[in-house]
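Report on the structure given below.
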Amino acid sequence: MPMLAEPSQRYLPFKPVPFPNRTWPDKVNKTAPIWLSTDLRDGNQSLANPASDTDFQFCRDLQNNGEVPDDVWIQVLTPARADLIKRTFEAVAGLKHVIIHMYNATSCLFREVVFNNDRDETVKLASDHTRIVRELAEQYAASHGTSFRFEYSPETFSQTETPYAVEVCEAVKKTWLAGEKSVWADGRKEERIIFNLPATVEVATPNCFADQVSLGRSCAVAAAELGILAGADRIEGTVLGNGERTGNVDLVTLGLNCYSQGIPPNLDFSDMFSVIDTVTECTGLPVHPRHPYAGELVFTAFSGSHQDAIKKGFEAQIQREKKGDKIWSMPYLPIDPADVGCTYEAVIRVNSQSGKGGIAYIVKSALALDLPRRMQIAFYKVVQDRSETTGKEMTSKDITTAFRQTYHLGGSVYDGRLVLKSFVTVDIRSAAPSAVGTPDLSPDRSRTHSRVASLAGAVVEASPDRSLDANLPSASKRLTAKVLIDGSLREISGEGNGPLSSFLDALQGDLGITLSIREYTEHAVGAGSDVKAATYVELIPPNVDAKDKTKGGFWGVGVDADITASGLKAVISAANGYLGQSPVQIPDDA
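Read left to right, the sequence shown gives residues 1 to 590 (UniProt numbering).
Dropping the structure here:
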């Protein structure tokens with residue numbers, strides 16, 4: 001049968017409780033409630049393959065094996081039936097702290113259709129069976145040293161006429177308080193009743209009822225939180241929301257919602273993966289990848305704008321923490337993933353809809369390279385092309401591999417057609433070598449280390465005339481370098497006002513590669529004696545105007561303990577991008 005065009009012909013709206021002067025919606029919660037996990041009751045009974053055949057033997061095993069800590073209260077549930085109440089007390093005999101939870105349905109539908117009782121008969125049923133619970137609690141407290149609390153639920157409360165629900169609860173309270181003997185092992189008079197007002201079936205918006213809530217309308221968390229504001233001090237639910245039909249309110253979500261507001265939840269989810277593994281192993285039910293706080297994608301952003309916001313948020317968070325401000329303030333992430341045992345690796349994942357910010361975040365996280373904005377745009381196009389070609393998500397490993405392949409970074413396996421093997425720079429004015437390169441490109445490290453260290457914590461951006469070659473007389477340096485060209489070693493040399501301009505002169509004069517620097521950026525990688533320089537350059541051919549940023553150039557990156565070598569590697573990296581598969585046109589006079 002298709003959905004009705006006019007559902008009012010079949011379904012009636014819920015009649016809200018008139019309460020025009022409510023004040024509780026304006027309250028602010030400051031403490032976590034008392035939690036009760038019903039995984040072993042409502043959760044277990046709702047499984048296709050329950051964990052145990054009978055709960056009776058399970059309770060006896062808890063007692064016989066001493067499994068229950070002294071400060072833990074075991075709660076057992078029984079319908080308002082004398083034989084089942086007695087059997088329930090037999091199950092918990094000898095346990096130190098027990099909550100007996102009794103229920104009977106009170107709504108008109110259940111009274112008249114399911115149980116064929118009128119209003120008075122339903123009140124009497126609840127009162128009579130409360131008396132049985134009281135008598136047995138007094139007896140077992142004296143004979144077995146058990147302390148008891150009593151909980152009562154007018155089941156289907158959310159469908160029960162409100163005045164009538166109050167009438168039933170008042171009758172139960174009166175009967176319970178009529179008991180003369182203590183239900184505590186130490187003889188104290190502890191008479192408080194736990195009234196559980198369950199939304200067994202959600203039929204209204206969450207501001208109407210709350211306490212023990214199911215997910216029929218997907219409002220369980222909101223209903224529970226509003227119930228706390230309205231005066232509830234106890235929440236029953238299951239870990240990750242298992243339960244009959246659509247499940248129960250999720251204690252993970254509720255607890256971490258408290259946590260995100262700075263309220264200690266008194267629940268430990270530091271190792272969320274272990275919690276998930278235990279629940280899935282016991283229930284055989286998977287956790288949805290979008291499940292709040294626990295799903296594998298809940299801390300993950302694919303959207304480009306979201307990724308950019310998170311990237312900038314992490315950068316700002318780091319700077320605040322350096323100043324002593326530990327408050328977490330992050331776009332799209334209500335809590336720090338590390339607090340629940342998650343890493344930052346999966347915070348940003350890339351598909352065809354992702355943006356440059358997310359890709360740059362992954363590169364920075366994996367390689368410690370803080371890409372200039374225009375280089376982010378250039379590499380973004382590389383990743384998008386690969387993602388669209390495969391039609392799949394690009395993993396962090398895929399992206400870092402693509403970066404190394406594109407910019408020839410990370411060892412010989414990623415070498416391009418041009419490879420810088422060594423270099424020597426000479427000050428033309430004195431005709432004396434100023435820095436001598438070795439095969440591992442480590443010239444005069446003691447001289448350059450302080451220069452690299454001075455970059456720590458900063459990104460230096462410079463135009464070509466403010467880069468590594470800044471403030472030097474024209475043609476004051478000569479550079480001689482050994483370069484592999486398609487596997488053949490060749491020596492090239494050039495002159496300029498510094499190492500980079502000299503190298504570009506050598507590329508033009510000896511290899512016919514004419515390029516100039518449009519953008520130069522550098523920053524430190526690491527700290528202390530292990531610090532290195534990361535250099536980024538954008539090279540452009542003669543037919544591109546340096547001021548016309550609409551026309552892209554060719555980006556390169558170099559990383560080395562020596563800042564000069566880092567810059568030269570960046571030039572080689574960009575030159576490889578410019579060359580592509582084109583042949584190297586070596587001049588006849590070179």
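Note that beta-carbon positions come from the ideal geometry of N, C-alpha and C, so glycine has one too.
Can the beta-carbon of residue i be found closer than 7 Å to that of residue j?
i	j	result
asparagine 576	arginine 374	no
glycine 295	histidine 306	no
threonine 406	valine 426	no
leucine 574	glycine 556	Just to set this straight, residue 574 is alanine in the shown sequence, not leucine. The answer is yes: Cβ separation under 7 Å.
threonine 280	alanine 346	no
serine 488	alanine 506	no
leucine 539	serine 502	no
lysine 364	tyrosine 380	no
alanine 366	threonine 389	no
glycine 243	aspartate 55	no
valine 168	proline 154	yes
glutamine 63	leucine 95	yes
alanine 534	leucine 369	yes
alanine 82	serine 127	no
arginine 234	threonine 175	no
isoleucine 310	tyrosine 332	yes
isoleucine 228	asparagine 29	yes
threonine 106	threonine 162	no
With a threshold of 6 Å on Cβ separation, who are the neighbours of residue i within its own chain once the five nearest residues in sequence on each side are excluded?
i	result
threonine 38	Glu236, Thr238
glutamate 491	Lys482
glycine 255	Pro265, Leu267
valine 419	Leu484
isoleucine 194	Glu151
phenylalanine 19	none
aspartate 120	none
arginine 111	Asn117, Thr122
For the ligand MN, is there a heavy atom less than 6 Å away from the beta-carbon of residue i?
i	result
glutamine 159	This structure lacks the ligand MN; in fact it carries no ligand of any kind.
On the DSSP bridge assignment, give the partners of residue i in chain order.
i	result
serine 490	For the record, residue 490 in the displayed sequence is arginine; it is not serine. Answer is Val483, bridged to arginine 490.
aspartate 560	Ala533
valine 76	Ile100
lysine 477	Asp427, Gly496
methionine 3	Methionine 3 is not bridged to any residue.
glycine 237	Ser37
tryptophan 555	Glu538
methionine 394	Val350
valine 183	In the DSSP output, where bridge partners are listed per residue, valine 183 has none listed.
leucine 84	According to DSSP, leucine 84 bridges with nothing at all.
isoleucine 194	Glu151
leucine 420	Val483
alanine 301	Ile348
alanine 105	Glu155
valine 525	Lys532
Output needed for residue i: all residues of its chain with C-beta closer than 8 Å, excluding positions within five of it in sequence on either side, in chain order.
i	result
leucine 84	Thr78
glutamine 581	none
serine 270	Asp339, Val340, Gly341
leucine 109	Thr156, Gln159
Relative to the C-alpha of residue i, which residue among the options is closest?
i	options	result
aspartate 71	Ala48, Ala570, His97	His97
alanine 48	Thr283, Thr160, Ser501	Thr283
tryptophan 73	Glu90, Ser147, Ala360	Ser147
isoleucine 100	Thr400, Ala80, Arg349	Ala80
valine 133	Arg87, Val525, Lys569	Arg87
leucine 500	Glu180, Phe423, Lys532	Phe423
lysine 477	Pro154, Asp55, Thr564	Thr564
valine 275	Gly509, Cys258, Ala309, Tyr293	Tyr293
glutamate 90	Ala105, Leu136, Leu125, Glu112	Leu136
aspartate 398	Arg386, Leu409, Leu568	Arg386
glycine 509	Gln585, Tyr332, Val559	Gln585
glycine 512	Glu522, Leu579, Ala561, Asp486	Leu579
tryptophan 35	Val298, Cys258, Lys326, Ser303	Cys258
alanine 360	Ile327, Tyr103, Ser396, Lys547	Ser396
asparagine 543	Trp328, Val559, Gln317, Arg518	Arg518
methionine 394	Arg320, Arg349, Ala224	Arg349
glycine 179	Phe58, Gln139, Glu6	Gln139
Can you give me the Cβ contacts of residue i inside the same chain, cut-off strictly under 7 Å, excluding the 5 residues immediately before and after it?
i	result
proline 286	Thr280
alanine 456	With a pLDDT of only 49 at alanine 456, under the threshold of 50, the placement of this residue in the model should not be trusted; the figure read from the coordinates follows. Closer than 7 Å at the Cβ level, and outside the excluded window around alanine 456, lie Ala524, Ala527, Val531.
alanine 141	Ser147, Phe148, Ser182, Val183, Trp184, Ala185
lysine 15	none
serine 260	Pro334, Ile335
aspartate 415	His408
Within the 7 Å Cβ cut-off, does residue i reach chain B?
i	result
aspartate 486	This model lacks chain B altogether; it includes just one protein chain.
Exercise. Could you name each continuous beta strand (DSSP E) segment of 3 residues or more that falls completely within the stretch 137-179, going from the start of the chain to the end?
Key: Within the stretch 137-179, the runs of beta strand (DSSP E) at least 3 residues long that lie entirely inside it are, in chain order, 147-155.
Self-check item: Length at least 3, wholly inside the stretch 249-296: the beta strand (DSSP E) runs in chain order
Solution: Listed in chain order, there is nothing to give.
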